[in-house]
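Residue numbers (full-length UniProt numbering), protein chains in the order written: chain A, 1 to 370; chain B, 1 to 313. What follows is a single structure, written as structure tokens, with notes after it.
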């Protein structure tokens, strides 16, 4: 019995999501729409239709990479709220590498663009990482403020120095077709970014699980003082992990530019960096589960548009439901499985049942499987 | 910018713009001080401002009077505070995570419900508070109209900032609050209920931030727009760090941010050929740089962000 209960606890993010969708159906009812019809259209549109699935995969790419950018430093106890800014800087740097460098062989130019994007995001992670490690500043507030700075920098560049002549609103020239990322589903927008994201998630899983780096990060996250005494160079690790996280966030922006938009637009990310935070907790800070969480979240977003079109429900309801999802998931992670408490509870119940049955049978103490 | 020195009217306008821009941040920052003094990070200030703005708009729209908006705005913000307290104090979840969760929830919820409730009327002007000149004081040159020709919420702010300073530093309740923020174990053994004080602190904090949101809608723009808090809650967080977790210090830091914001608006207006985004990043850049420059000297409440469990390890 206790084994069953423990499994129930393992899947608590799943129950939390279901509960959030249930509470969300109340919000849908407020608009006078049937929740079953709305959710039906949403999931059909997001996962069961060729074009819909492609739309979901398009959104999975940045959300997954942003999620990894949050997960990696979270293992060391650092909250990276700056993925949004890192996405913007990644997009900016890769667009600059694509548009401003002289024409060259795509086999050379594409990697340069990708590295430039990773570098741009990396710098945006490195700065708060350094200030956190060497000046003890709160990385949360720093990364939040840097988001706004990055968004404005991109708006400035896309609307000023790099703006295409005569463009109706800020965007840059189109990057040449040779630099576009390959598609993974014919005649759709789904590009290779999501494949790279999944590969990166696998790599991160193995690095965090089986390497000394992963062990050191977990140690810093659990107790930084103890890690210092154990000889872990905590400060360089903090700087390094924030740089790496920023670089991953930068890739999210890079693939948006090289894979989907082919230009640098202002406000090109509708908050993917914050979706990354949701992914991190939905995946219980496990990179292996991040693709699943990102795919689900991307589906909600892609399906929301279908839902709006078919049943006429405001797609902003999905943002509210997403907020409910993260609240319930966060709350569920606060409920820890307590073996002793459940053992005592089950024992009481069994005794009471035995007493009710008038059975003389004496329960074996601790006889249940744990 | 020269006209500010030569023309008193221009200076008056500039200073009142600065004050108006800083008021929502002041409410939120002082609210943040209350919560953080009790040892609870309130990253949810942003969501509370948004909730306050949303409640203010809906209240004023349904009741037709700004006071209705004020009450509903504060109520919505306090509901957000209740969730934060439930997650961060009750369930002992990481306070930052809880705060971010609330920000995301409020962003989605207010956008959706605003479209549902306000619908087509979303752009029509709501009833709000108009300026009330205080006789005598408002006749002082330059500063008079800046400080004493404001609306009800501004005067409320004049009242609440010193009041919260007095409560935090001069009353037994404030002593309890600070004790819990610095060393909850000792406070608990002295018989103070840590969860109860933290709950009240978070509620008061969110109510204050909600007032900031009310100000945006009822005194400044008279409409609700999606995500109208636009990062003000985060600037408030920077301001309270700069203000050393002291309401008066936070007030001064917010005035500085208001001044820099008013400055960038003037620059935007005076140089239309420069893309405005270069200027609109100024408040955030100023917050960031101010934090970096004053880094290393700050001493936050000792137990901030650390969950407290009775008899815990």
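Cβ coordinates follow ideal geometry from the N, Cα and C atoms, glycine included.
_Reduced DSSP category for residue 134 of chain B - H, G, I as helix; E, B as strand; rest coil_ = In the displayed model, residue 134 of chain B falls within coil according to three-state DSSP, outside both helix and strand.
_So residue 156 of chain A and residue 275 of chain B are supposed to be a Cβ contact under 8 Å. How far apart are they, rounded?_
5 Å
*Say whether the region 54 to 63 of chain B touches the region 162 to 169 of chain B, bearing in mind that this needs 3 or more beta-carbon pairs closer than 8 Å, one atom from each stretch.*
no
_Against chain B, with Cβ distances strictly below 7 Å, would residue 314 of chain A count as a contact?_
yes
*Identify every residue that forms a DSSP beta bridge with residue 191 of chain A.*
A/183
*Over the uninterrupted alpha helix (DSSP H) stretch that includes residue 111 of chain B, give me the two end residues.*
95 to 117
*Would you call residue 323 of chain A buried or exposed, if buried means 16 or more other Cβ atoms sit within 10 Å of its Cβ?*
Buried, by the Cβ-count rule.
*What's the C-alpha gap between residue 85 of chain B and residue 16 of chain B?*
36 Å
*Closest by CA to residue 287 of chain A, which one among A/5, A/18 and A/64?*
A/64
_So, does the region 244 to 258 of chain A touch the region 64 to 77 of chain A, judging by three or more C-beta pairs under 8 Å?_
yes
_6 Å CB neighbourhood of residue 29 of chain B in its chain, flanking five on each side removed_ = 236, 239, 240, 250 and 254
_Suppose the cutoff is 7 Å on Cβ atoms and the five residues either side in sequence are ignored; what does the same chain contact list for residue 5 of chain A look like?_
342
*Tell me whether residue 9 of chain B sits in a helix, a strand or coil according to DSSP, three-state version.*
If DSSP states are grouped into helix, strand and coil, residue 9 of chain B belongs with the helices.
*Mind pulling the chain A residues with CB within less than 7 Å of residue 238 of chain B?*
141 and 145
*With distances taken from CA atoms, which of B/248, B/287, B/234 and B/280 is nearest residue 263 of chain B?*
Closest option to residue 263 of chain B, judged by alpha-carbon separation, among B/248, B/287, B/234 and B/280: B/280.
*Residues of chain B with a CB under 7 Å from the CB of residue 167 of chain A: which are they?*
Under the 7 Å cutoff, chain B gives no residues; its nearest Cβ is about 13 Å from residue 167 of chain A.
*asked:* Quick check on residue 170 of chain B: buried or exposed, where buried means 16 or more other Cβ atoms within 10 Å of its Cβ?
replied: exposed
*How close, in whole Å, do the beta carbons of residue 61 of chain A and residue 197 of chain A come, if the pair is a contact with beta carbons under 8 Å?*
At roughly 6 Å, the Cβ-Cβ gap stays under 8 Å, so residue 61 of chain A and residue 197 of chain A are in contact.
*Please state whether DSSP places residue 163 of chain A in a helix, a strand or coil.*
strand
*asked:* If the cut-off is 8 Å on Cβ atoms, which residues from the region 255 to 280 of chain A count as contacting chain B, listed in chain order?
replied: Those residues of the region 255 to 280 of chain A that come within reach of chain B (Cβ to Cβ, closer than 8 Å) are 266, 274, 277 and 278.
*Enclosing alpha helix (DSSP H) for residue 243 of chain B [first to last residue]*: That residue, residue 243 of chain B, is in no alpha helix (DSSP H); it is neither H nor E in DSSP.
_Does the structure place the region 127 to 144 of chain A close enough to the region 100 to 117 of chain A that three or more beta carbon pairs sit under 8 Å?_
No, they do not touch.
*Whose Cβ in chain A lies nearer than 8 Å to the Cβ of residue 107 of chain B?*
In chain order: 319 and 323.
*Sufficient close CB pairs (3 or more, under 8 Å) joining the region 44 to 54 of chain B to the region 182 to 194 of chain B*: no
*Return the residue from the list A/36, A/68, A/9 and A/302 that minimises the CA-CA distance to residue 291 of chain A.*
A/68
*Which two residues bound the contiguous alpha helix (DSSP H) that contains residue 60 of chain A?*
50 to 74
*Return the Cβ separation of residue 85 of chain A and residue 273 of chain A in integer angstroms, given the expectation that the two are a contact with Cβ distance under 8 Å.*
7 Å
*Using a beta-carbon distance below 7 Å, is residue 155 of chain A in contact with chain B?*
yes
*Between residue 254 of chain A and residue 114 of chain A, is the Cβ-Cβ spacing less than 7 Å?*
It is a contact, given that the beta carbons lie within the stated cut-off.
*Taking the alpha helix (DSSP H) that residue 145 of chain B falls in, what are its first and last residues?*
143 to 148
*Proximal residues of chain B, C-beta to C-beta of residue 290 of chain A below 7 Å*: Those do not exist, as residue 290 of chain A stays about 16 Å from chain B at its closest Cβ, beyond 7 Å.
*Between the beta-carbon of residue 108 of chain B and the beta-carbon of residue 320 of chain A, is there less than 7 Å?*
A contact, by the Cβ cut-off of 7 Å.
_Considering just the uninterrupted stretch of the alpha helix (DSSP H) at residue 200 of chain B, what are its terminal residues?_
In the DSSP annotation of this structure, the continuous segment of the alpha helix (DSSP H) that includes residue 200 of chain B starts and ends at 194 to 215.
_Here's the rule: buried if 16 or more other CB atoms are within 10 angstroms of the residue's CB, otherwise exposed. What is residue 370 of chain A?_
For residue 370 of chain A, the predicted model reports a pLDDT of 45, less than 50, meaning its position is unreliable; a value from the coordinates is still stated below. By the 10 Å Cβ count, residue 370 of chain A comes out exposed.
*Give a yes or no on whether 7 Å exceeds the smallest Cβ distance from residue 79 of chain A to chain B.*
yes
*Consider the Cβ of residue 313 of chain B: report whether some Cβ of chain A lies at a distance smaller than 7 Å.*
With a pLDDT of only 45 at residue 313 of chain B, under 50, the local geometry of the prediction cannot be trusted, and the value read off the model is given with reservation. Not one chain A Cβ lies under 7 Å of residue 313 of chain B.
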